Amino acid sequence: MEQEWAVPTRAPLGDSGAMARQRKIHPPTVADELEALLGLRWPMGRPPKYDLATWTVTDDWPGPVPVTVAEVEVFERYFGGLFNELFGPAD
1 MEQEWAVPTR
11 APLGDSGAMA
21 RQRKIHPPTV
31 ADELEALLGL
41 RWPMGRPPKY
51 DLATWTVTDD
61 WPGPVPVTVA
71 EVEVFERYFG
81 GLFNELFGPA
91 D
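Take the sequence shown: its position 24, counting from 1, is numbered 24 in the working numbering, and each next residue is one higher.
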């Protein structure tokens, strides 16, 4: 008597037969709906909290700002290469 198997012993490649997992179909996201409506891709991530285009920068500090020698040394150490590129080597 020949034995019968409940699960096929050999399925074609790419076909898992009855054991295939059903994939959930997710509803479209808001970004997908906007892209379909406007024809433009919506930027990923959270929108900016403030509109930076409306910001203004003002300088209301007193004339010269005091800087210590230690502060100058820190900038020279970390930004020395950039300063040399921009302004030429220090004499």
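We put the CB at the ideal spot given by N, CA and C, even for glycine. Everything numeric in this text was worked out from a predicted model, so none of it was measured.
Residue i, DSSP secondary structure in three states
i: glycine 45; result: coil
i: leucine 40; result: coil
i: aspartate 51; result: coil
i: valine 101; result: Because the chain here runs from 1 to 91, residue 101 falls outside it and cannot be looked at.
i: arginine 21; result: coil
Short CB-CB distance (under 9 Å) between residue i and chain D
i: aspartate 32; result: You won't find chain D in this structure, because it holds only one protein chain.
Residue from the options with nearest C-alpha to residue i
i: valine 30; options: Arg41, Lys24 and Gln22; result: Arg41
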